[in-house]
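Under this note's numbering, the first residue of the sequence shown carries the number 7, and numbering increases by one thereafter.
The beta-carbon is built from N, C-alpha and C at its ideal position, and this holds for glycine as well.
All values reported here derive from a predicted model rather than from experimental measurement.
Read through the structure below, which is laid out as structure tokens, and then see the notes.
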Amino acid sequence: MAALVGTIVSACSPGRNQHVFPLIPYPMRLLPGSGYFLLDPATRVILTETDDAELRGVAERWLQEVRSQTTLPLRIASEAEDRHRPNAILLQLDRPACRGDEEGYRLVVDRRRVLLEAGSPVGIFYGLQTLGQLLPTRHGSGSSGRGPSWRIPSVEIEDAPRFPYRGMHLDVGRHVFPVSFIRRYIDWMAAFKMNTFHWHLTEDQGGRLEVRRYPRLTEVGAFRAETMVEKNHDPYIGDGVPYGGYYTQADVRDIVAYAAERFVTIIPEIEMPGHSTAALAAYPELACTDGPFEVATRWGVFEDIYCPGERTFLFLEAVLEEVMELFPGEYIHIGGDEAPKRSWEESPLAQAVIRREGLADEQELQSYFIGRIEAFLNSRGRRLIGWDEILEGGLAPNATVMSWRGIAGGIEAAREGHDVIMTPTSHLYFDFYQGDPSQEPLAIGGYTPLERVYAFEPVPEELTTEEARHILGAQANVWTEYMKTTDYVEYMVYPRLLALAEVVWSPSEARDWAGFLARLSPRLARLDAAGVNYRIPDVSGLEHDRLTLDSHFTVELGTPLAEGEIRYTTDGSEATVASPRYTSPLRIQATDEGTSVAARIFLPDGRSSAVRRARFARARLHRAESPEPVDLRPGVTGERFQGAFGSVEDLRGLDPVESSVTEGLEVHHELEGNELGFRFAGLLRVPRDDVYTFHVSSEHGSRLYVDHRLVVDHDGFHGMVERVGDVALEAGLHPLEVWYFRGEGGGGLRVQISGERLSRSDIPEGWLYHR
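Pasting the structure below:
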């Protein structure tokens, strides 16, 4: 092999060549070489295990993709050909190169040939995905200038995943998608080394799985009379168009086999005890009430759920028997979320079960319900997995938890010794908006931009090393209430899937946001070539309004797309393809009224990103309190309120249930209880005149005031997302007030600060006081 450049820090250390090698996810260790391997019509793929059918299948499918991309007549060599011949890609089953991981591989490319080693066909598969990404997106000129050239740069890579569970979810209960699209979804998962497809098959609005013993589950349960129009809950407006569909067992077997060839395991989700309206419409005798029931036409949570009687358990066990015949994976997902208990509270049958089993209440009855199902699955050699509500009333002994209402449920489960998949609304709900809702297709709410996905850390810092071993990985959820088409699903999934792929595969020290953006362009070019309707990333540099004490701003705009160009305006008008083209940083005069900069990215095919805009204005210093109070004490006063709130304004005028002095501006996500409110009040001492930026992350609503003026408005129900605001402060003391409320399933609050001469941090020690 050609001499390698660089020093190996450790056997599996990440490389520092992210701009040169545009790989997503980035590998554990990468050392660049010199020169390149040329893929040409004479190149052959050689198998060291010629009788391994799985290995041969992996090679053949990869070659089919590369032949389509390059038009080269590549093929697997015959057994008689020399394994040491040049111009070959050698696939060798051997010990994995890194950590002994079954999914790990070692890839060496030099001028003569390519060597890919792994301990199993799945490692070879992932190594080939990396090799495919090393191919140029478009061919260049050959050495003679007469033909195409497909060059692979010389490199040595050792790689293995950080987490064993790397998941993507898809809800087909609200809207159902064709088998061809499910296959395509799996293809792109596998291309970026995701290995688990969570298939949400049953819902209030439709059951999508054929169950032969209970045919009405699809004859009745797979079809609804109409669908709610947008978000017209009250008054309700329907579209009047019947809707439905389902997957036959033949469809499922086909998809399961297709996924297995790409080393993707499918976890089916069969909801219980809640989200079961469609099933109750088909078999009303399974409910605690008389109904009548119909397949839901609106979104939300419904009061009627499965009744916890023996007839229900016999039904569910029979359904799960057929599910297990179709899905050979270890896990069966049973939902367990959003199950109202009113029908159980009013049901003589449910109350009789509580008395018979010695249960304390309906919460423990849900735990009993889940435990019965878990025991049944365990007896068949399977494991139960559910949403974090299955913790309520006591967790079934061998269950795995998907932590979606923040990460608190995952922390609790890990501390109790249960395995956990992190999938919080704060970072991994791909049904949330990616930009300004006024410029985006209708979504359920929230805000999860690409950068937020990339910033997610699956292992909470609160866990010990031993507890952290229970974090198996992470998963993004794609709920489809408002995703009626496959194009819309793709728009919401890509490129956010690529960000998650790097979170769950790459070592944490290799993750670098700037490096990721630099590597994104060629990956999006591949999505382009396949006709994937991905969302074009936003212009960078206009994330929020800015203030300055200087006479001007220097505004740097950026795009990760090599072929994209930025068009901008500075007069408040819309940025169009006819607007000035951005070529260098903008120098903007700082004025009291401010300058509005708008920009968007345009691609050669006419597509464009959403518009981003921000206002740049001259700051007026807020004067500090004078004279300073002499009776100051460290910390701020913290007040806690109890109740159901929909806005921070609901807290004003209430008497707190608790008051204390606290050192910082934070509400921990693991704080017990929901439907809480908080107010922090005190004085902020800043050491110098400066423009300070406050970064407020909260789930749900929050507002921050400085000098009695609103600086950050982050009110309302939303996931754990961040809002920022600037304020110019004179050195000295300034009144500070932060309000926050947490509704059902909410997380916490964190306030940080930065400035021109202050790196972003929690409020520094010695800056907060109270009288």
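Tell me which same chain residues have a C-beta within less than 8 Å of the C-beta of Thr136, skipping the five on either side of it?
-> Leu29, Pro33, Tyr111, Leu113, Ile163, Asp165
Mapping DSSP to helix, strand and coil, what is His433?
-> helix
DSSP three-state assignment for Val359, whether helix, strand or coil = helix
Rounded separation between Gly772 and Arg691 - CA only | 8 Å
Where Val235 falls, given that 16 or more other Cβ within 10 Å makes a residue buried | exposed
Between which two residues does the alpha helix (DSSP H) carrying Ser373 extend?
-> 368-385
Can we say the segment 209-222 touches the segment 184-193, given the rule of at least three CB pairs closer than 8 Å?
-> no
Give me whichever residues DSSP pairs with Gln863 in a beta bridge.
-> Examination of residue 863 is not possible in this model, given that the chain is present from 7 through 777 alone.
Taking the alpha-carbon positions, what's the Leu478 to Val495 distance?
-> 26 Å
Between Leu371 and chain C, is there a C-beta pair that is closer than 8 Å?
-> The structure shown contains no chain C; it is built from a single protein chain.
Among all the DSSP beta bridges, which residues are the ones paired with Tyr574?
-> Ala605
In or out: Thr582 buried (at least 16 other Cβ within 10 Å) or exposed?
-> exposed
Start and end of the alpha helix (DSSP H) containing Gly416?
-> 414-421
Can you give me the Cβ contacts of Ala480 inside the same chain, cut-off strictly under 6 Å, excluding the 5 residues immediately before and after it?
-> Met428, Pro464, Val510
In angstroms with no decimal places, state the Cα-to-Cα distance between Leu533 and Leu371.
-> 48 Å
Start-to-end residues for the beta strand (DSSP E) that takes in Trp519 = Trp519 -> not in any beta strand (DSSP E); alpha helix (DSSP H) instead, spanning 519-535.
Where Ser84 sits in the DSSP three-state scheme | coil
Can you tell me whether DSSP reads Val757 as helix, strand or coil?
-> strand
Sorted by chain position, which residues of the same chain lie with C-beta nearer than 7 Å to Glu380's C-beta, five sequence neighbours on each side aside?
-> Leu390, Ala402, Asn404, Ala405
What is the rounded straight-line gap between the Cα of Phe43 and the Cα of Ile95?
-> 10 Å
Over what stretch of residues does the beta strand (DSSP E) that includes Trp410 continue unbroken?
-> Note, Trp410: premise wrong, no beta strand (DSSP E); not H, not E.
Rounded to whole angstroms, what's the CA-CA distance from Cys294 to Thr303? Just pull it up for me.
-> 21 Å
Please report how far the alpha carbon of Glu232 lies from the alpha carbon of Asp210, in whole angstroms.
-> 13 Å
Looking at C-alpha atoms only, which residue of Pro591, Leu657, Gly612, Pro142 is the closest neighbour of Trp156?
-> Pro142
Ignoring anything shorter than 3 residues or poking outside the segment 432-473, list the beta strand (DSSP E) runs there in chain order.
-> 451-453
Test item: CB-CB of Leu682 and Arg646 under 8 Å = yes
Could you check the C-alpha separation between Tyr711 and Val718 for me, to the nearest Å?
-> 7 Å
Around the C-beta of Arg624, are 16 or more other C-beta atoms found within 10 angstroms, so that it is buried, or is it exposed?
-> buried
For Arg386, which option in Tyr337, Gly400, Gly415, Gly341 has the closest C-alpha, if you only look at C-alpha atoms?
-> Tyr337
Considering only residues of the same chain and omitting the five flanking positions on each side of Ser19, which have a CB-CB separation below 7 Å?
-> A caution first: Ser19 carries a pLDDT of 44, below 50, which makes its placement in the model unreliable, though a value can still be read off. Excluding sequence neighbours, Ser19 sits near Arg35.
Local Cβ density within 10 Å of Gln595, reported as buried at 16 or more and exposed below that = exposed
Among Thr560, Glu60, Val727, which has the Cα closest to the Cα of Gly452?
-> Val727
With a threshold of 16 other CB atoms inside 10 Å of the CB of Gln648, please say whether the residue is buried or exposed.
-> exposed
Can you name, in chain order, every residue of its own chain whose Cβ lies under 6 Å from the Cβ of Ala808, other than the five neighbours on each side?
-> Here the chain comprises residues numbered 7 to 777, so residue 808 is not present and cannot be evaluated.
Check whether the segment 740-757 touches the segment 406-424, counting contact only when three or more Cβ pairs, one atom from each stretch, lie closer than 8 Å.
-> yes
Residues that DSSP places opposite Tyr242 in a beta bridge = His239
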